[in-house]
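Visitor:
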Amino acid sequence: MTENSAQIASWQSCVIDGIVQQTPSVKSFFLRLSRPFAHIAGQHVDIRLTAPDGYNAMRSYSIASAAASSPIIELAIERLSDGEVSLFFHDIALIGDEIELRGPLGGHFLWPEPAVDAVLLIGAGSGLVPLMAMIRQRSTLKPTVPTALLLSAQTAEDVLFSKELHSIEIRDAEFVLALAITREIPIRASDFARRIDVAMVQDVLARLHRKPTQVFVCGSNGFVNIATESALLAGLDASIIKTERYGG
Amino acid sequence: MVTRGFTGRGSDGDQSDRIPPGQHLVENFPVLTAGPTPNVELSDWKFTVKIGPRHVKIWNWSEFNALPTTKVTRDIHCVTSWSKLDTVWEGVLVEDILAAAGILQPTDFVLAHSYDGYSTNVPLADLLSGKAMVALTYAGKPLPRDHGGPARLLVPHLYLWKSAKWVNALQFTTRDEAGFWELRGYHIYGDPWREQRYTDD
Chain A
1 MTENSAQIAS WQSCVIDGIV QQTPSVKSFF LRLSRPFAHI AGQHVDIRLT
51 APDGYNAMRS YSIASAAASS PIIELAIERL SDGEVSLFFH DIALIGDEIE
101 LRGPLGGHFL WPEPAVDAVL LIGAGSGLVP LMAMIRQRST LKPTVPTALL
151 LSAQTAEDVL FSKELHSIEI RDAEFVLALA ITREIPIRAS DFARRIDVAM
201 VQDVLARLHR KPTQVFVCGS NGFVNIATES ALLAGLDASI IKTERYGG
Chain B
249 MVTRGFTGRG SDGDQSDRIP PGQHLVENFP VLTAGPTPNV ELSDWKFTVK
299 IGPRHVKIWN WSEFNALPTT KVTRDIHCVT SWSKLDTVWE GVLVEDILAA
349 AGILQPTDFV LAHSYDGYST NVPLADLLSG KAMVALTYAG KPLPRDHGGP
399 ARLLVPHLYL WKSAKWVNAL QFTTRDEAGF WELRGYHIYG DPWREQRYTD
449 D
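Those sequence lines, one after another, are chains A and B. My numbering puts the first residue of the first sequence at 1, with every later residue one more than the last. My numbering puts the first residue of the second sequence at 249, with every later residue one more than the last.
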């Protein structure tokens, strides 16, 4: 057992250092770790809540922040109306509360280090979270990796980290942002007013100029199925596509 | 450590003795995979039993469906923390597959392989005595693609990543060879009742 894996396996307490409402349904929680770790963009943590009678609830949440030496990590949690842990975070949690977590976890849906070739990211809703960690990680690299993000959301207001994404797009010629807005007409002509399909993936690939060697897709199961089938029909190989689906 | 203000949903009620530690009940059937969902035509489907690199037996879809089938009702537990009770499956028990292949216990370990390149390791003892099958139906219907159709391994007493979707081979190995998730931080055995989620749990 290595020191690192022992750290992964054991629970630690962290303190909520900040809470930010990001969209109508998503809040960011900034957690100050008691035992800071270095993670790889795309990894998640397990969160464990304990009731006074000893009942535990455990859920996995992707880390939104880039790997850094900072003792604070960011989780962006969507409020699910039938959720148990997400409702606690949205309706009860306050700055200063102590939470148990362990991580970083996950050895598959990971930003490729060192990344050299083009990367295509496809996400929907809060499925952006692990992709955002990758985009933030990528921004620290020189030279930057050509990357396209195709992001589906119901309305412009539901686009998580919208300001940050637009500002990266403006200053970074190697970053392509394409929004698929499904319930209103997008303002930008470069965005799409429909659900993801093959033509859309082809369009984004053309803007990326280079064929991606890695594709990451995150969202609900239905979304991931449509997105990966579109990517396959657009000529991408199944072996380069990694998926993460919300579950249970 | 008690979490301030958290009481829990507490809806698991009298089922709580069927729910392993850290798990919660779901009514739906979540889908989790590492990559795209494979589309395997029944006319192309093959299932192979191998000892090391050696192919012992290969069935096509109709041949495999002619093997004796067994129906089971089992609780299933996913490492992402959901559990689902009383799921109904029908398929071919692993001991019936081995009998049809004409082999007994060539080694103590098995690596299951899938159409998408996935693999997972299970000790042979955990696949025998009615503990595991290659499932062909779920809830009385052909197994949907999302849940591993046409056929998936079902080893319900271990975390569900061991129940390889889109399974196409069982390979006997001399050692316990780690599979896809076992090489990526998940536990080599994966017993939900001992909460063996990650490598050192």
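The beta-carbon is built from N, C-alpha and C at its ideal position, and this holds for glycine as well.
For L101 of chain A, tell me which candidate among A:S34, A:F192, A:P146, A:L150 has the shortest Cα-Cα distance.
Guide: Looking at the Cα atoms, A:S34 is the closest of the given residues.
Visitor: For P52 of chain A, which residues in chain B fall below 8 angstroms Cβ to Cβ?
Guide: Residues of chain B passing the Cβ test: V250, T255.
Visitor: What are the boundary residues of the beta strand (DSSP E) that W337 of chain B is part of?
Guide: From DSSP, the beta strand (DSSP E) with W337 of chain B extends over 330-341.
Visitor: Give the secondary structure of W293 of chain B by DSSP, where H, G and I count as helix, E and B as strand, and everything else as coil.
Guide: Three-state DSSP puts W293 of chain B in coil, outside helix and strand.
Visitor: Less than 7 angstroms between C-beta atoms, sequence neighbours within five positions excluded: which residues of the same chain meet that for Q137 of chain A?
Guide: A41, A66, A67, W111.
Visitor: Output the distance between the C-alpha atoms of S25 of chain A and P354 of chain B, rounded to the nearest integer angstrom.
Guide: For S25 of chain A and P354 of chain B, the distance between alpha carbons rounds to 55 angstroms.
Visitor: Taking only beta carbons into account, state which residues of the segment 70-94 of chain A come closer than 7 angstroms to chain B, listed in chain order.
Guide: Flagged, chain order: E84, F88, I92.
Visitor: With S367 of chain B as the anchor, note down where its beta strand (DSSP E) starts and where it stops.
Guide: Unbroken beta strand (DSSP E) run through S367 of chain B: 367-371.
Visitor: Tell me the start and end of each unbroken beta strand (DSSP E) in the segment 126-184 of chain A that is at least 3 residues and wholly inside, in chain order.
Guide: Correct list: 147-153, 175-181.
Visitor: Can you give the beta carbon distance from M134 of chain A to F29 of chain A, rounded, assuming they're within the 8 angstroms contact cut?
Guide: Not a contact, Cβ separation roughly 19 angstroms.
Visitor: Restricting to runs no shorter than 3 residues, where is the beta strand (DSSP E) found entirely within the segment 75-112 of chain A?
Guide: Listed in chain order, the complete beta strand (DSSP E) runs (minimum 3 residues) inside the segment 75-112 of chain A are 98-105.
Visitor: Using a cut-off of 9 angstroms between C-beta atoms, extract the partners of R400 of chain B located in chain A.
Guide: Those do not exist, as R400 of chain B stays about 16 angstroms from chain A at its closest Cβ, beyond 9 angstroms.
Visitor: M1 of chain A by DSSP, collapsed to three states: which one?
Guide: In this prediction, M1 of chain A scores a pLDDT of 35, lower than 50, which makes its location untrustworthy; the coordinate-derived value is nonetheless stated afterwards. If DSSP states are grouped into helix, strand and coil, M1 of chain A belongs with coil.
Visitor: List, in order along the chain, the chain A residues whose C-beta lies closer than 7 angstroms to that of D424 of chain B?
Guide: The contacting residues do not exist; D424 of chain B stays about 17 angstroms from chain A at best.
Visitor: Apart from the five residues on each side of it in sequence, which residues of its chain come closer than 6 angstroms, Cβ to Cβ, to K319 of chain B?
Guide: The answer, listed in chain order, is E338.
Visitor: Apart from the five residues on each side of it in sequence, which residues of its chain come closer than 8 angstroms, Cβ to Cβ, to I95 of chain A?
Guide: Hits under 8 angstroms: I16, D17, G18, I19.
Visitor: Checking the sheet assignment: what are the DSSP bridge partners for C218 of chain A?
Guide: A:G123, A:E244, per the DSSP bridge assignment.
Visitor: Look up F30 of chain A in the DSSP assignment and say whether it is helix, strand or coil.
Guide: DSSP places F30 of chain A in strand when its eight states are reduced to three.
Visitor: Rounded to the nearest angstrom, how far is the Cβ of E78 of chain A from that of S126 of chain A, given a contact under 8 angstroms?
Guide: Right, the Cβ-Cβ distance comes to about 4 angstroms (below 8 angstroms), so this counts as a contact.
Visitor: For A238 of chain A and G283 of chain B, I'd like the C-alpha separation in whole angstroms.
Guide: Whole-angstrom Cα-Cα distance: 7 angstroms.
Visitor: Along the segment 274-292 of chain B, where does the CB come closer than 7 angstroms to a CB of chain A? Name the residues.
Guide: So the list reads V274, P278, V279, L280, T281, A282, G283, P284, T285, given in the order they occur along the chain.
Visitor: Rounding to the nearest angstrom, what Cα-Cα distance links F37 of chain A and V45 of chain A in this structure?
Guide: When rounded, the distance between both Cα atoms is 11 angstroms.
Visitor: So, F161 of chain A versus M132 of chain A, is the Cβ gap smaller than 7 angstroms?
Guide: Taking 7 angstroms as the Cβ cut-off, F161 of chain A and M132 of chain A qualify as a contacting pair.
Visitor: Counting only Cβ-Cβ distances shorter than 9 angstroms, please list the residues of the segment 33-58 of chain A near chain B, keeping chain order.
Guide: Cβ contacts with chain B: D46, R48, L49, T50, A51, P52, D53, G54, Y55, N56, A57, M58.
Visitor: DSSP state of A417 of chain B, grouped into three classes?
Guide: Here A417 of chain B sits in strand by DSSP.
Visitor: Restricting to Cα atoms, I'd like to know which of A:E98, A:I122, A:K142 is closest to P114 of chain A.
Guide: Here the closest residue by C-alpha is A:K142.
Visitor: Taking T255 of chain B as the reference, which of A:L121, A:Q12, A:E157, A:R48 has the closest Cα?
Guide: It is A:R48.
Visitor: Does the beta-carbon distance from V382 of chain B to V336 of chain B come in below 7 angstroms?
Guide: Cβ distance not < 7 angstroms, so V382 of chain B and V336 of chain B don't count as in contact.
Visitor: Looking at the strands, I want to know which residues DSSP matches up with G18 of chain A.
Guide: G18 of chain A pairs with A:F30.
Visitor: Note down, in chain order, every chain B residue with its Cβ under 8 angstroms from the Cβ of S60 of chain A.
Guide: Near S60 of chain A (Cβ distances below 8 angstroms), the residues of chain B are T328, S329.
Visitor: Out of A:L128, A:R245, A:D117, point me to the one whose CA is closest to L75 of chain A's CA.
Guide: With distances taken between Cα atoms, L75 of chain A lies closest to A:L128.
Visitor: Does A238 of chain A get closer than 7 angstroms to chain B when you measure Cβ to Cβ?
Guide: A238 of chain A counts as touching chain B.
Visitor: May I have the straight-line CA-CA distance separating V304 of chain B from I351 of chain B, to the nearest angstrom?
Guide: Cα-Cα distance, rounded: 9 angstroms.
Visitor: Quick check: is the beta carbon of R432 of chain B nearer than 7 angstroms to any beta carbon in chain A?
Guide: Yes - at least one Cβ of chain A is within 7 angstroms of the one on R432 of chain B.
Visitor: What's the call for V116 of chain A, buried or exposed, on a 16-neighbour Cβ count within 10 Å?
Guide: Burial call: exposed.
Visitor: What are the boundary residues of the beta strand (DSSP E) that includes S362 of chain B?
Guide: From DSSP, the beta strand (DSSP E) with S362 of chain B extends over 357-362.
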